[in-house]
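So the structure is just underneath, and the comments pick up after that.
Number of protein chains: 2
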Amino acid sequence: MSDWLVNTLGSDAPIRVGIDPFVHSASFAQALAKDLAARDHELVPLFGMENPVDMAWEGSALPRPGQPLAPIRLHPMEVAGKTTSDKVAEMREAMQDKGADALVVAMLDDVAWLYNIRGSDVEFNPVALSYAIVTMDTAILFMSEAKIPDDVRAELAAHKVEIRPYQNFIPYLQSLSQVGHKVWIDEERTNYAAAMAVDEENRVRGMNPVTLAKAIKNEAELNGMRAAHERDAAALIRFMSWMERTISDEGRTVTEVEVDEMLTGKFRKELDGFIEPSFPTIAGAGPNGAIIHYRADGPDCGIVGPGTILLLDSGGQYRDGTTDCTRTMVFGRDAEDLVPLEVRQTFTRVLQGNIRLDRSVFPEGTPGAVLDILAREELWRAGQDYAHGTGHGVGAALNVHEGPQSISPRFVNKQALLPGMVLSNEPGFYAPSMFGIRTENLLVVEQAEGLESKATGKKFLRFRKLTQVPICKALIVKEMLSPTEVEWLNTYHAQIFQRVSPLLDRTDREWLRVACEAL
Amino acid sequence: MSDWLVNTLGSDAPIRVGIDPFVHSASFAQALAKDLAARDHELVPLFGMENPVDMAWEGSALPRPGQPLAPIRLHPMEVAGKTTSDKVAEMREAMQDKGADALVVAMLDDVAWLYNIRGSDVEFNPVALSYAIVTMDTAILFMSEAKIPDDVRAELAAHKVEIRPYQNFIPYLQSLSQVGHKVWIDEERTNYAAAMAVDEENRVRGMNPVTLAKAIKNEAELNGMRAAHERDAAALIRFMSWMERTISDEGRTVTEVEVDEMLTGKFRKELDGFIEPSFPTIAGAGPNGAIIHYRADGPDCGIVGPGTILLLDSGGQYRDGTTDCTRTMVFGRDAEDLVPLEVRQTFTRVLQGNIRLDRSVFPEGTPGAVLDILAREELWRAGQDYAHGTGHGVGAALNVHEGPQSISPRFVNKQALLPGMVLSNEPGFYAPSMFGIRTENLLVVEQAEGLESKATGKKFLRFRKLTQVPICKALIVKEMLSPTEVEWLNTYHAQIFQRVSPLLDRTDREWLRVACEAL
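Chains as they are written, first to last, in this note's numbering: chain U, 42 to 560; chain G, 42 to 560.
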């Protein structure tokens, strides 16, 4: 974007470029300012001056939407696993090590995690408009009073969290800087306006310690994630069983819109603790599966009948956890005979990539990028690839995308994978206008017990699966799998049946039993 | 080293640190100067002033060794594949694209490649003390006249290469800079003295185009490499066959020193076009195999008898190519029963790493670092690792280590692998005081025909083996190998028998036949 802007402006005359400093990160704005300055242009953050977007709203016939005022709720100890007091104390230790007197927390999920609160200001993400500042003797939540119910207020008070108006955040930061406080600002995760409020020489830079602490799930958070994943699996399994009955027994087709109506509107909605989807459901039938962020819409949407490849990427926000699962599937009697061999071969290669990454064991200190090739190796051998990353971090009853870890083919993210981190494992393949395939599980990083390299002194890590949803056997070309891969699938399916079948009625349990029979 | 120096010097008082600018790269010296300056110290390149090493020689009773004067030889067209004129013309194109008027070539193997000459000034490396400078109308070789035989002189003259005294290099560079020439200096691959001879504003930076051109072998170079590898394989196979006869039939042991005497002094020496080893042979018996750069020495060296694990890493410089091969092996009747299972399991995992890297297919643009994990995956699963890189570049009848490509677990080297590059594939494992294992082949990068990703538009690359030496089957635990891995081994062994058996007598051919029988 910086390149585009510089090229578009040319260099005939110096130009002033205005930005709203509240909607860009400090690191982005600073890099842009530097690039513009190199061509004699100037970046002007519209801070304390008129902003053309505000001016347009003033002249508009429509009323401008106000800040959302949805009430927040407590995220209770049994799923948070750590009190706000303990979290704040840990952050103060990190601040001391770093030589900072104050810590700015500007990411909404970081604030929610730190203070054990959840909100509903942003669709799909259980967060609330807010900032936090932690100093050595105060912990402040900047949020509209109107959003805070009494029980939350009492709990925050018990952990010595002060509540101040949302709009006081910037002036408060300025005052900290004016008295010479060293303020820790993660410039990648803080807007430019907040960074500007602190003098350059008073800024302490580096990754926000909340971001890393949030990524490393504690045992209570993992228990919540496991429970949420089992219930979520029951919803997906009930959906699949219903699809099979509808298509094979009733002999009718199902629209993509109906897929989401049943999955979200019925099966997930009936689950304990379900709040909302964790992102808009992607239900792509046939060629629609090849559109990476497809969203089915209205009467023209695709139709699933016997032999139609359905790519279904969906997830739920629950009181105790967040899920994200993709399965590619086919329904109908003798469905495997209805699917072209090329599609099944590709499905099998994607599955092999998923298995290879899932089974990997790697030394501590390894960034996710190192593992990315494992998910692609068999696709590459066939001249296939996918133009997206292999894995993203996932929050515990928080945002379905979170950092700092990832599994990406670009070696930009050097964050080592650490025990307790949750990541998606989602290789895919997309043949435009034909079909799309993705198989996605969520994994937790854990110590691989008993392994330690004598050569390097390093211990080893591995993954454990959270997702408990069967993989469509009709799409597998068994001869392509190694015995180890077949065993992986059979062990996984046996585990799924054991853990999820108690949550199902007899019909759905029978469907799951067949789905989980050994390959 | 920079860190060590800065810490050792402390910061109580500014200190002047002298270095010989001819023995450090410009990039290293410049980084060191910056680090020292940050603590108020100063780097002083001893350029045109007294150097304490020179002064010590002046006061020494021993005469200082002179510059080596070994004669150089031509590297003929049938193995070079491209004339000096053509190479120089290509460099001028690169200079034009880069906006440079002159190109400095300071790496000895780069000079040798550019002018199709070979020398013997440096043991194991067929290079000669020299520099080169190419301008738009001249191509100069800076070298002592005494080293250049008449035939080489005539050939260089035919390609319009001027010869100037070695010591004129720096003054010539200074004169280019003084008349304002833009001089391309690869600061990673040029000594500090040469960089200092060119004013900062006249330096054009970036990788030397000779380095990349040299790394991408042409068809004649590859033919030479293939032929050299087949002959070299015959020497190794004759050696292995002799070892088996000596240990099993004669019932005696063999010392590590004797291993090299036979391998280098007899079997390689008898080969067409053999010049010298490409590095000091590593022959480690039993626990000595765990010492990564082990060199057997004198009467205390290790002994190979029935069931002893021998790690043998060796290579040759030939007129037409350079080889580098490691095999780990065991001799004696029923040898596999003499080796602990743990050793054979580890050998098998190392072999699986070698196979996995060998079989990989990857999109163009992939740096070697991305592939490194393939060689370690099975070792990691068992908590094992090796503390060295997986692959280095290899010259064609040139240095056995060359850049810019590598296969390393550290993601520093971003050089994409390109068709025609030669790399080693050498995973290993070392159990201190017990045993060492390494299996090393040289590979050529080539296009994977017919593969192109629709998602990314990229073509794919793969490897082809140069090395034609059997892998010791007695050390393989067959049940650990997948059918694909068994097939890889059998196909490789069949190829070896077909290509190398014509170079062997009946006895050795029979040994090879058994060694290459299907697993």
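We put the beta carbon where it would ideally sit given N, CA and C, even for glycine.
Computed from a predicted structure; not experimentally measured.
Exposed or buried, residue 310 (chain U), counting other C-beta atoms within 10 Å across all chains shown (16 or more means buried)? Start at 1 with the first residue of the first sequence, and residue 310 (chain U) comes out as number 269. Exposed is the call here.
Name, going along the chain, the residues of the segment 500-511 of chain G whose beta-carbon falls closer than 9 Å to a beta-carbon of chain U. Of all residues in the segment 500-511 of chain G, only 500, 501, 503 come within less than 9 Å of chain U when Cβ atoms are compared, listed by chain position.
In the DSSP assignment, what residue or residues form a beta bridge with residue 370 (chain G)? Taking the second sequence and counting its residues from 1, the one referred to as residue 370 (chain G) is at position 329. Paired residue(s): G:351.
Residues bridged to residue 433 (chain G) [DSSP beta-bridge criterion]: Your numbering for residue 433 (chain G) matches position 392 in the second sequence. Note: residue 433 (chain G) sits in a beta bridge opposite G:447.
In terms of alpha-carbon separation, which member of U:408, U:391, U:415, U:390 lies closest to residue 401 (chain U)? What you label residue 401 (chain U) is simply residue 360 of the first sequence in a count that begins at 1. Answer by Cα proximity: U:415.
Within a Cβ cutoff of 8 Å, which residues of the same chain sit near residue 386 (chain U), ignoring the five residues on either side of it in sequence? Position 345 of the first sequence, counted from the first residue, corresponds to residue 386 (chain U). Within the same chain, residue 386 (chain U) has close Cβ partners 423, 518, 521.
Considering only residues of the same chain and omitting the five flanking positions on each side of residue 384 (chain U), which have a CB-CB separation below 6 Å? By 1-based counting over the first sequence, the position of residue 384 (chain U) is 343. Cβ neighbours of residue 384 (chain U) beyond the five flanking positions: 476.
Rounded straight-line distance, which links the Cα of residue 501 (chain G) to that of residue 512 (chain U): Within the first sequence, residue 512 (chain U) is the residue found at index 471, counting from 1. Within the second sequence, residue 501 (chain G) is the residue found at index 460, counting from 1. Spanning the two alpha carbons is a distance of roughly 29 Å.
Just the chain G side, please: which residues come within less than 7 Å of residue 421 (chain U) by C-beta, in chain order? Residue 421 (chain U) sits at position 380 when you count from the first residue of the first sequence. Here the neighbours are 402, 403, 404, 501.
Could you tell me the alpha carbon to alpha carbon distance between residue 313 (chain U) and residue 191 (chain U), rounded to whole angstroms? Position 272 of the first sequence, counted from the first residue, corresponds to residue 313 (chain U). Position 150 of the first sequence, counted from the first residue, corresponds to residue 191 (chain U). Distance from the CA atom of residue 313 (chain U) to the CA atom of residue 191 (chain U), rounded to whole angstroms, is 25 Å.
Please report the straight-line C-alpha distance between residue 497 (chain G) and residue 390 (chain U), rounded to a whole angstrom. The residue labelled residue 497 (chain G) in the question sits at position 456 within the second sequence. The residue labelled residue 390 (chain U) in the question sits at position 349 within the first sequence. Rounded to the nearest angstrom, the two C-alpha atoms are 17 Å apart.
For residue 384 (chain U), decide whether its Cβ has a neighbour in chain G, counting only Cβ atoms nearer than 8 Å. Indexing the first sequence from 1 puts residue 384 (chain U) at position 343. So no, residue 384 (chain U) is outside the interface.
On the three-state DSSP scale, how would you describe residue 414 (chain U)? Locating residue 414 (chain U) in the first sequence gives position 373, where the first residue counts as 1. The answer is helix: DSSP assigns residue 414 (chain U) an H, G or I state.
Residue environment, residue 334 (chain G), which counts as buried when at least 16 other CB atoms sit within 10 Å: Counted from its first residue, the second sequence places residue 334 (chain G) at position 293. Under this definition residue 334 (chain G) is an exposed residue.
Thinking C-beta only, is residue 367 (chain U) closer than 8 Å to residue 228 (chain U)? Stepping through the first sequence from its first residue, residue 228 (chain U) is reached at position 187. Stepping through the first sequence from its first residue, residue 367 (chain U) is reached at position 326. No, these two residues do not count as a Cβ contact at 8 Å.
Would you say residue 471 (chain G) lies against chain U (beta-carbon separation less than 8 Å)? Position 430 of the second sequence, counted from the first residue, corresponds to residue 471 (chain G). Closer than 8 Å to some Cβ of chain U, the Cβ of residue 471 (chain G) qualifies, so yes.
Straight-line CA distance for residue 463 (chain G) to residue 246 (chain G)? By 1-based counting over the second sequence, the position of residue 463 (chain G) is 422. By 1-based counting over the second sequence, the position of residue 246 (chain G) is 205. Straight-line Cα distance between these residues: approximately 26 Å.
Got a sec: is the Cβ-Cβ distance from residue 497 (chain U) to anything in chain G below 8 Å? Position 456 of the first sequence, counted from the start, is the residue given in the question as residue 497 (chain U). Output row for residue 497 (chain U): interface = yes.
Determine whether the beta carbon atoms of residue 298 (chain U) and residue 337 (chain U) lie at a separation below 8 Å. As a first step, residue 298 (chain U) must be located in the first sequence, where it is residue number 257. As a first step, residue 337 (chain U) must be located in the first sequence, where it is residue number 296. Yes; because the gap between Cβ atoms is below 8 Å, this pair is in contact.
Which same chain residues, not among the five before or five after residue 161 (chain U), have their C-beta less than 6 Å away from its C-beta? The count along the first sequence starts at 1 and reaches residue 161 (chain U) at position 120. Result list for residue 161 (chain U): 111, in chain order.
Name the chain G residues whose beta carbon is nearer than 9 Å to that of residue 71 (chain U)? Here residue 71 (chain U) is taken as the residue at index 30 of the first sequence, counted from 1. The contacting residues do not exist; residue 71 (chain U) stays about 23 Å from chain G at best.
Would residue 189 (chain G) pass as a contact of residue 181 (chain G) if the rule is Cβ separation under 8 Å? Mapped onto the second sequence, residue 189 (chain G) falls at position 148. Mapped onto the second sequence, residue 181 (chain G) falls at position 140. No, the Cβ-Cβ distance between residue 189 (chain G) and residue 181 (chain G) is not below 8 Å.
Counted within 10 angstroms of its Cβ, other Cβ atoms place residue 98 (chain U) as buried (16 or more) or exposed: As a first step, residue 98 (chain U) must be located in the first sequence, where it is residue number 57. Burial call: exposed.
Nearest-angstrom Cα separation, counted from residue 79 (chain U) out to residue 459 (chain U): Counting from one through the first sequence, the residue named residue 459 (chain U) turns up at place 418. Counting from one through the first sequence, the residue named residue 79 (chain U) turns up at place 38. Using only the alpha carbons, I get a separation of about 40 Å.
For residue 91 (chain G), which three-state DSSP category applies? Here residue 91 (chain G) refers to the residue found at position 50 when the second sequence is read from its first residue. It is coil, neither helix nor strand.
Following the continuous alpha helix (DSSP H) through residue 125 (chain G), name the residue where it begins and the one where it ends. In the second sequence, the residue the question calls residue 125 (chain G) occupies position 84. Its alpha helix (DSSP H) spans residues 125-139.
Completely contained alpha helix (DSSP H) runs for the segment 193-277 of chain G, where each covers 4 or more residues: 210-219, 233-237, 250-256
Residue-level contact to chain G via CB, residue 447 (chain U), 8 Å cutoff: What you label residue 447 (chain U) is simply residue 406 of the first sequence in a count that begins at 1. No, residue 447 (chain U) lies away from the interface with chain G (no Cβ there is under 8 Å from its Cβ).
Is it right to say residue 509 (chain U) is buried, meaning 16 or more other beta carbons lie within 10 angstroms of its own, or is it exposed? Position 468 of the first sequence, counted from the first residue, corresponds to residue 509 (chain U). With 16 or more other Cβ atoms within 10 Å, it is buried.
Around the C-beta of residue 168 (chain G), are 16 or more other C-beta atoms found within 10 angstroms, so that it is buried, or is it exposed? As a position in the second sequence, residue 168 (chain G) is number 127, starting the count at 1. Flag for residue 168 (chain G) reads buried.
Excluding sequence positions up to five away, which residues of its chain have a Cβ less than 7 Å from the Cβ of residue 303 (chain U)? Residue mapping note: residue 303 (chain U) aligns to position 262 of the first sequence, counting from 1. Result list for residue 303 (chain U): 280, 283, in chain order.
In the DSSP assignment, find the alpha helix (DSSP H) that holds residue 394 (chain U) and state where it starts and stops. Numbered from 1 along the first sequence, position 353 holds the residue referred to as residue 394 (chain U). Element bounds for residue 394 (chain U): 382-400.
Using beta-carbon positions only, say whether residue 516 (chain G) and residue 369 (chain G) come within less than 8 Å of one another. For the purposes of this step, residue 516 (chain G) is identified with residue 475 of the second sequence, where counting begins at 1. For the purposes of this step, residue 369 (chain G) is identified with residue 328 of the second sequence, where counting begins at 1. Yes. Within cutoff.
Could you pull out every unbroken beta strand (DSSP E) segment of at least 3 residues lying fully inside the segment 290-338 of chain G, listed in chain order? 315-318, 323-326
On a CA-only basis, which of G:235, G:329, G:529 is nearest residue 341 (chain G)? Give me that one, please. On the second sequence, position 300 is the one that residue 341 (chain G) refers to. Ranking G:235, G:329, G:529 by Cα distance to residue 341 (chain G) puts G:329 first.
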